[in-house]
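*Asks:*
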Amino acid sequence: MSDFVSGDKVSWEISNNTFTGTVIQCYESRGTIPESCVVRIDSVKGILEIDKGLVGKTMPITRSILKKTLSSVINSKARNYELRRAYENITGQSAKPGNGPANLIREYAGVKVPKGAQGGSKKTRKARTKKTRRNKK
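According to UniProt numbering, the sequence shown is numbered sequentially starting from 1.
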């Protein structure tokens, strides 16, 4: 099994339809969820017209059925755009900059988010200043 990187062009087949797409992010298996990649669908060739509506959509695909076609580098701007699109599709919320935490947007798109970026309670200002005051004495 080959590893996929952001920007890789991939193809896969489902019920006589051939899909091509761009890998946005891949992640390891988690519990019952198998190893998969979040892929933006670029084109669909096949008999079902229904699947044509999937073009441009972002969805997770099991890694085992993906085949590499061409490899190209995806820049961070394009990657961020795809992550925002994935978040918008899943939550129905706008992912404009400043609208919602980036860590959540990345988490929804299947990107591994570091523990520190997952948030948590901040100390109150009073507690922070009290601590520095103690250190000064």
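Cβ atoms here follow ideal geometry from the backbone N, Cα and C, with glycine treated the same way. All of these numbers come straight from a predicted model, not from anything done at the bench.
#1: So, Val44 versus Thr22, is the Cβ gap smaller than 9 Å?
#2: So, with DSSP's three-state summary, where would you put Thr32?
#3: By the DSSP assignment, the beta strand (DSSP E) with Asn17 in it spans what residues?
#4: Any chance the CB of Lys45 is under 8 Å from a heavy atom of the ligand PLP?
#5: Is the Cβ-Cβ distance between Glu82 and Arg63 less than 9 Å?
#6: In whole angstroms, give me the CA-to-CA distance for residue 139 and Gly31.
#7: Please name the residue or residues paired with Thr62 in a DSSP beta bridge.
#8: Quick check: what's the CA-CA separation for Arg128 versus Thr91?
#9: Quick one, which of Lys68, Cys26 and Gly53 has its alpha-carbon nearest Pro60's?
#10: Based on DSSP bridge pairs, tell me the residues matched to Glu13.
#11: According to the Cβ coordinates, are Ser15 and Gly46 closer than 9 Å?
#12: Please look up how many angstroms separate the CB atoms of Asn89 and Lys57, rounded, as I've assumed it's under 8 Å.
#13: Cutting at 6 Å between CB atoms, please list the residues of its own chain near Ser72, excluding the five before and the five after it.
*Replies:* Let me lay it out:
#1: no
#2: coil
#3: Membership of Asn17 in the beta strand (DSSP E) is indicated by the continuous run Asn17 to Tyr27.
#4: As far as ligands go, the structure on display features none, and thus does not contain the ligand PLP.
#5: no
#6: Because the chain spans 1 through 137 in this model, residue 139 falls outside it and cannot be assessed.
#7: Ser36
#8: 35 Å
#9: Cys26
#10: Thr18
#11: yes
#12: 7 Å
#13: With a pLDDT of only 43 at Ser72, under 50, the local geometry of the prediction cannot be trusted, and the value read off the model is given with reservation. Gly7, listed in sequence order.
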